[in-house]
Structures are given as C-alpha cells and as structure tokens.
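Numbering (the working numbering), first residue to last: 668 to 951.
For reference, the structure discussed in these notes is given below.
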Amino acid sequence: MSKSAKNAAHILRFWGVRGSIPTADPEQSLIGGNTSCVELTTADGSHIIFDGGTGLRGLGNHIGRQHSKPYEVHLFLSHTHWDHIMGIPFFAPMHQAFAKINIYGPERSDEPLRQAVLGLFRAPYFPLHFSELKAHLNFIEISVGETSFGNGFKIKYAPHPHPNGAISYRLEVDGRVITYITDIEHTKDRLVKSVIELSREADVLIHDSQFHADDLPAHRSWGHSSWEECTAVAQKADVKELFLYHFDPNYSDYDVLDMERRAQVVFPHTTAARQGMTFEIPTK
Ligand SMILES: [Zn+2]
Ligand SMILES: [Zn+2]
Numbered sequence: 668m669s670k671s672a673k674n675a676a677h678i679l680r681f682w683g684v685r686g687s688i689p690t691a692d693p694e695q696s697l698i699g700g701n702t703s704c705v706e707l708t709t710a711d712g713s714h715i716i717f718d719g720g721t722g723l724r725g726l727g728n729h730i731g732r733q734h735s736k737p738y739e740v741h742l743f744l745s746h747t748h749w750d751h752i753m754g755i756p757f758f759a760p761m762h763q764a765f766a767k768i769n770i771y772g773p774e775r776s777d778e779p780l781r782q783a784v785l786g787l788f789r790a791p792y793f794p795l796h797f798s799e800l801k802a803h804l805n806f807i808e809i810s811v812g813e814t815s816f817g818n819g820f821k822i823k824y825a826p827h828p829h830p831n832g833a834i835s836y837r838l839e840v841d842g843r844v845i846t847y848i849t850d851i852e853h854t855k856d857r858l859v860k861s862v863i864e865l866s867r868e869a870d871v872l873i874h875d876s877q878f879h880a881d882d883l884p885a886h887r888s889w890g891h892s893s894w895e896e897c898t899a900v901a902q903k904a905d906v907k908e909l910f911l912y913h914f915d916p917n918y919s920d921y922d923v924l925d926m927e928r929r930a931q932v933v934f935p936h937t938t939a940a941r942q943g944m945t946f947e948i949p950t951k
C-alpha cells in the first residue's frame, strides 16, 4: 500500500497464538498451532510486528508479495526464546534486497540481540548462513523507555518477570493504544505494576494466557500467566478489549474456548485470539 492511501482503521492480525512450541493436532486447529506473531498494519501502511514465532512465515509471504520497491518492517521481540524467533529464518522479507528490517529486543549482557537472532542461521542447524540474507538488518537493543517514529507512532517498553527476561510493549498510534504482553509471570496475588501502567486505558490488550489458574501452581517459575490474571489486568488498567494469547501447547480447542467463556463472565470484552483472526481499530 502506498503511504498516501490512508485507511480508516489500523488492522491487527494474529498469525500465531500458541505458546512454547508449534502444534499441528486436529483438536487444536480452531485456535491454531503457530507460535507467537501479531501484526499491526497501521492506517498509513506501516508494518509493525510483535514476535517472530512460526506465524511469521505466513506474515512474511503476505508482506513480501505487497512490495517491489524499498520498504521497512519493525519487528519487536518480547524475548528470544525459541517460540518467539523460530519463524525468522522463514520470513520472506529477509531474502528481499529492498527490505529494511528493524529488529528490537531485550538488551542482554551475555548474548547481544544480533548474535541471539543470527545464531538461528548457524551450521549445523540451518542450511543458509546469515551472510547470504539479502535484506538490510538493523538490530536495536532496548530495556526501558520509549521510541518515537517519524510516521506517527510511538512505542513504550519495560522489562517484566520471565526466565531470562522479556519485554512488554505499549504501541501508541494516532491516539490509539495496543499493549502486547506475553511470557510474563505475575507474583502470586500481585500483578506486575509496570504491566498495569503500560496497559492503562489501552484500546487492545494482548496478554499471556498460557494456563487456567488451576494449572498455574504446577508451573510456577515457568514464566506464564492464567486467564484470571489477564482479566484482572484488563479490569485494573481499564482496557477496552482483551485478547487471551500464548496458549499452552497441550490445551485443546475445548480448553481454550472454556477459558474464553469463563473470562467473558469476568470481563465481557474478552476474546481468545485465534490464528488468522483480524481486529480493526478505527482511526480517531
Ligand atoms: Zn513463549
Ligand atoms: Zn519465554
């Protein structure tokens, strides 16, 4: 889309909603088996992506087909666990010389972001070496703060509790707010304060909902949340729409739909994100 052809809405699309590992079981096909990847195409055509799980492959094919001239993509990684970066080697724009891909992720002392991502292309795990990639890659390490972009959007970020660390994002575009928080473990009976702040009055909150609360005690220190915590954050931060996200790979469609039904009783504007689902956020 050309920058001059402004749409009336920002389009959010879920390309992967599964946590931990991709699944292909028939009883999970309604919710979908690709791992974390959410795209926001803003009304002016900017491509903003949260996480590069296996959903990134389909998204890359979709974006790659739209462009034959120089363009830019912003990929915000919550962290570099496998399920959030596995799609990167299969992201079609990586192989387009006219694509500029900005990859943002947590600053780490032990493993620079560039090394963590490009390590995916290391022999004997992958047939291509990263030097064969054609796109212009730009790595930006972040921890806490905000970045403004020329084309009307701003992103705020802060670290949150997860093994090896992870980052929460609040995207502000033309007065609309989308908050993306996954792979987070709240303290028992206490929600993480920065998560509430970044979610404050968001139009859309996408939040880790790996477990039912009953399953959480057996998975303490795994770094995840329950749907009960999602609805608590949504209520406390006064968000408009809540999307449950990053479902346990062992949960069937029935399990996730049960989660959605229970969550809607507490917070009616709740949806369990499904692979392929789109949601329009009208421009102000
Ligand atoms: Zn994950
Ligand atoms: Zn993780």
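Ideal Cβ placement from N, Cα and C applies to all residues, glycine included.
This one's a predicted model, so the numbers in the text were calculated from it and none came from an experiment.
Worksheet item: How is the beta strand (DSSP E) around Asn769 delimited, first residue to last?
Response: Unbroken beta strand (DSSP E) run through Asn769: Ala766 to Pro773.
Item to complete: Using only the heavy atoms of ligand 1, determine whether one of them is closer than 8 angstroms to the beta carbon of His751.
Response: Yes; taking the cut-off as 8 angstroms, the Cβ of His751 has a heavy atom of ligand 1 nearer than that.
Discussion item. Shorter than 8 angstroms, the distance from the beta carbon of His746 to the closest heavy atom of ligand 2, or not?
Written reply: His746 Cβ: within cutoff of ligand 2.
Practice prompt. Would you mind stating whether Leu858 and Glu896 have Cβ atoms separated by less than 9 angstroms?
Written response: Between Leu858 and Glu896, the C-beta gap is smaller than 9 angstroms, which places the two residues in contact.
Worksheet item: Is the CB-CB distance between Gly712 and Lys767 below 9 angstroms?
Response: Not in contact: Gly712 and Lys767 (Cβ atoms no closer than 9 angstroms).
Discussion item. Less than 8 angstroms between C-beta atoms, sequence neighbours within five positions excluded: which residues of the same chain meet that for His746?
Written reply: Cβ within range, chain order: Gly772, Pro773, His829, Asn831, Gly832, Ala833, Ile834 and Asp850.
Worksheet item: Measuring CA to CA, which of Asp750, Met761, Thr702 and His751 is closest to Ile730?
Response: For the options Asp750, Met761, Thr702 and His751, the alpha carbon positioned closest to that of Ile730 is the one of Met761.
Discussion item. Please report the distance separating the alpha-carbon of His853 from that of Ser735.
Written reply: In a straight line, the C-alpha of His853 is about 44 angstroms away from that of Ser735.
Fill in: Cβ shell of Pro916 (< 7 angstroms), same chain only, five flanking positions each side left out
Counting only Cβ-Cβ distances below 7 angstroms, and skipping sequence neighbours, we find Arg685, Gly686, Ser687, Ile688 and Thr690.
Practice prompt. Mind reading off the beta-carbon distance from Asn875 to Lys907? Whole number of angstroms is fine, and I expect it under 8 angstroms.
Written response: Here the sequence assigns Asp to residue 875, which means Asn is not the residue at that position. Not a contact, Cβ separation roughly 19 angstroms.
Worksheet item: Nearest to Ser866 by alpha carbon, out of Ser893, Asp905, Ser888 and Ala885?
Response: The candidate whose alpha carbon is nearest that of Ser866 is Asp905.
Discussion item. Under 8 angstroms: does the beta carbon of Gln850 sit that close to some heavy atom of ligand 1?
Written reply: In the sequence as displayed, the identity of residue 850 is Asp instead of Gln. Asp850: yes, Cβ under 8 angstroms from ligand 1.
Fill in: Burial state of Lys855 (16 or more Cβ within 10 Å)
It counts as exposed.
Worksheet item: With DSSP run on the structure shown, which of helix, strand or coil describes Glu895?
Response: Glu895 falls in the helix class under three-state DSSP.
Worksheet item: For the candidate residues Val811, Phe878, Ala885 and Glu947, whose alpha-carbon lies nearest to that of Ala930?
Response: Of the residues Val811, Phe878, Ala885 and Glu947, the one whose Cα lies closest to the Cα of Ala930 is Phe878.
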